[in-house]
């Protein structure tokens with residue numbers, strides 16, 4: 005769930021820093037989300053449930069604005085269906101202690117600023133990769149999350 009929230013007279017997106025517990029994505033900066041459960045009727049419901057479970061945002065507070073393109077992650081064999089939603093006020097974040105180390109609120113303008121776009125050399129499963137992404141403060145956002153940000157930026161710029 006890419007959640008747009010009011011923040012400092014603008015709009016921001018809350019990202020999560022995952023705990024180091026995951027097999028593939030531990031410690032990464034990501035958006036709230038996760039695996040579909042049998043109780044979820046569709047991917048929209050999964051996104052809302054996971055947003056609630058990971059950062060405590062109640063599904064009835066979220067207005068879904070739309071859906072971004074699916075993103076397939078070969079490493080973990082997941083297909084992500086990202087949704088963009090909004091809420092009228094900054095939530096009182098309640099973190100899933102097992103999954104989320106912290107919430108990082110990043111203003112949308114910082115994500116759209118070309119000065120924050122870069123690449124870094126990373127090592128994944130003993131393989132060196134050069135990953136494009138966003139460097140905001142001490143945080144480097146890359147991979148599927150960076151792809152979703154880039155798509156949102158393209159949509160915003162095409163609307164203006």
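Residue numbers (this note's numbering): 5 to 164. A virtual CB, placed ideally from N, CA and C, is assigned to each residue, including glycine.
- Along the length of the region 37–95, whole alpha helix (DSSP H) runs at least 4 residues long occupy 47–59, reported in chain order.
- By the Cβ-count criterion, residue 115 is buried, with 16 or more other Cβ atoms from all chains shown falling within 10 Å of its own Cβ.
- Of all C-beta pairs linking the region 70–88 to the region 96–104, fewer than three are shorter than 8 Å, placing the two stretches out of contact.
- By the CB criterion at 9 Å, residue 15 and residue 35 fall outside the cutoff.
- By the 16-neighbour rule on beta-carbons within 10 angstroms, residue 61 is buried.
- Around residue 134, the same chain offers 123, 125 as residues with beta carbons nearer than 6 Å, after the five sequence neighbours per side are excluded.
- Put simply, of 49, 140, 136, 143 the residue whose alpha carbon is nearest the alpha carbon of residue 154 is 136.
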